[in-house]
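Trainee: Our numbering applies: residue 804 is where the sequence shown begins, and numbers increase by one. All C-beta atoms in this analysis are idealised placements derived from N, C-alpha and C, irrespective of residue type, glycine included.
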Amino acid sequence: MTARSTLAEALHRKRVAVLISGRGSNMAALLEAARDPAFSAEIVLIASNRPDAGGLVTARDAGIALEVVDHTKFGKDRAAFDAALQAVLEKHRIELVCLAGFMRLLTEGFVAQWQERMLNIHPALLPAFKGLDTHRRALEAGAKTHGATVHFVVPEMDAGPIIMQGAVAVQDDDTEATLSARVLAVEHRIYPLALKLVAEGRVRVADGRCLIDGKPVPESPAFFA
Ligand code: GRF
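(1) With a 10 Å radius around its C-beta and 16 neighbouring C-beta atoms as the bar for buried, classify M967 as buried or exposed.
(2) Closer than 8 Å: is that where the CB of I993 sits relative to any heavy atom of ligand 1?
(3) Output the boundary residues of the alpha helix (DSSP H) element that contains S824.
(4) Helix, strand or coil: which one does DSSP assign to S983?
(5) Per DSSP, what kind of secondary structure is R1012 in: helix, strand or coil?
(6) Could you check the C-alpha separation between V1006 and A832 for me, to the nearest Å?
(7) So who's on the other strand from P1019, going by DSSP bridges?
(8) Would you call H815 buried or exposed, if buried means 16 or more other Cβ atoms sit within 10 Å of its Cβ?
(9) Can you find the residues in the same chain that come closer than 8 Å, C-beta to C-beta, to L928, ignoring five residues on each side of it along the sequence?
(10) Could you name the residues of the same chain whose beta carbon sits closer than 6 Å to that of T937, not counting the 5 residues immediately before and after it, in chain order?
(11) Over what stretch of residues does the beta strand (DSSP E) that includes L859 continue unbroken?
(12) Can you list, in chain order, the residues of its chain with a C-beta nearer than 8 Å to that of P854? Leave out the 5 residues immediately preceding and following it.
(13) Roughly how many angstroms lie between the CA atoms of I1015 and F905, to the nearest whole one?
(14) Verify the CB distance criterion: does L935 have a CB-CB separation below 9 Å to chain D?
(15) Taking the straight line between their C-alpha atoms, what separation do you get for R985 and A820?
(16) Can the beta-carbon of R920 be found less than 9 Å from the beta-carbon of V900?
(17) So what's A1036 in DSSP terms, helix, strand or just coil?
(18) Look up F1026 in the DSSP assignment and say whether it is helix, strand or coil.
(19) Residues bridged to A883 by DSSP?
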């Protein structure tokens, strides 16, 4: 590799698609971070499986390319939906995918195509509380610490190597609403940070675990306490 190609690679901002199904607050956090020209990733596409996703309005206002791949048009054929999604990602020359409240299970074949290039954010400290209603379940379980996780996507839902976590202390008087609001604020901090690390090529997976700059993922930063 020549010095010039190394420099070109360093300056290249990775082309990112954010996939949403709903309000898109994490998408908005990623868009905000990527407005900085020094941010190593550029959000070039917002794709939704629902034509009525609230986040599409935010994306339209931001002037980002939008694509809707409506899953209802594909019936039960998940592979056909995923193929349509893949075609859209290829059309926009996407290099990294961020799932942000994207409520579709993806086929193994699709996931394999994006191995270590597709990130997801989950509102719990994985491997605890996979699936839905994480805040209610954390409260019911009497968890003292809760939070959010950014991880690489693998075929199993809410699994995959952890890139970053952010924790919050659960308060005695927390309700689902108060706890989810605090966790969401953490999500908006850690997702851009995790994307930045991946886009900069600083995250490697070894034996199913992420290494950042060759070291184990650090504890969540103190400002999340
Ligand atoms: C977030 O809590 C995210 O962790 C989960 O779905 C929610 C999406 O919220 N996967 P938003 O659409 O990003 O506001």
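Mentor: From the atom records:
(1) As a working mapping, residue 967 is identified with position 164 in the sequence shown. By the neighbour-count rule (16 or more Cβ atoms within 10 Å), M967 is buried.
(2) As a working mapping, residue 993 is identified with position 190 in the sequence shown. No, Cβ of I993 sits at least 8 Å from all heavy atoms of ligand 1.
(3) Counting from 1 along the sequence shown, the entry for residue 824 is found at position 21. Neither: S824 is in no alpha helix (DSSP H) and is coded neither H nor E.
(4) Position 180 of the sequence shown, counting from 1, holds the residue named residue 983. S983 falls in the helix class under three-state DSSP.
(5) Your numbering for residue 1012 matches position 209 in the sequence shown. It is a strand residue.
(6) Translated into the one-based positions of the sequence shown, residue 1006 becomes position 203. Translated into the one-based positions of the sequence shown, residue 832 becomes position 29. Distance between the alpha carbons of V1006 and A832 is about 21 Å.
(7) By one-based count along the sequence shown, residue 1019 stands at place 216. Answer by DSSP bridge pairing, in chain order: L1014.
(8) Taking the sequence shown and counting its residues from 1, the one referred to as residue 815 is at position 12. Counting Cβ neighbours within 10 Å, H815 comes out exposed, since fewer than 16 surround it.
(9) Counted from its first residue, the sequence shown places residue 928 at position 125. Once the five neighbours on either side are set aside, the close Cβ partners of L928 are T948, H949, G950, A951, T952, Q968, A970.
(10) On the sequence shown, position 134 is the one that residue 937 refers to. Same-chain partners within the cutoff: P926, A927.
(11) The sequence position of residue 859 within the sequence shown is 56, counting from 1. Careful: L859 lies outside any beta strand (DSSP E), inside the alpha helix (DSSP H) at 858-864.
(12) Within the sequence shown, residue 854 is the residue found at index 51, counting from 1. Excluding positions up to five away in sequence, the list reads V871, D873.
(13) Taking the first residue of the sequence shown as 1, we reach residue 1015 at position 212. Taking the first residue of the sequence shown as 1, we reach residue 905 at position 102. Using only the alpha carbons, I get a separation of about 26 Å.
(14) Given the protein chain composition of this structure (a single chain), no chain D is represented.
(15) Residue numbering aside, residue 985 sits at position 182 when the sequence shown is read from its first letter. Residue numbering aside, residue 820 sits at position 17 when the sequence shown is read from its first letter. Taking the straight line from one Cα to the other gives about 26 Å.
(16) The sequence position of residue 920 within the sequence shown is 117, counting from 1. The sequence position of residue 900 within the sequence shown is 97, counting from 1. Yes. Within cutoff.
(17) Nothing can be reported for residue 1036, as the shown portion of the chain is limited to 804 through 1028.
(18) Residue 1026 sits at position 223 when you count from the first residue of the sequence shown. Interpretation of F1026 is limited by its pLDDT of 42, a score under 50 that renders its predicted location unreliable; no figure is taken from the coordinates.
(19) Mapped onto the sequence shown, residue 883 falls at position 80. DSSP output for A883 lists no bridge partner at all.
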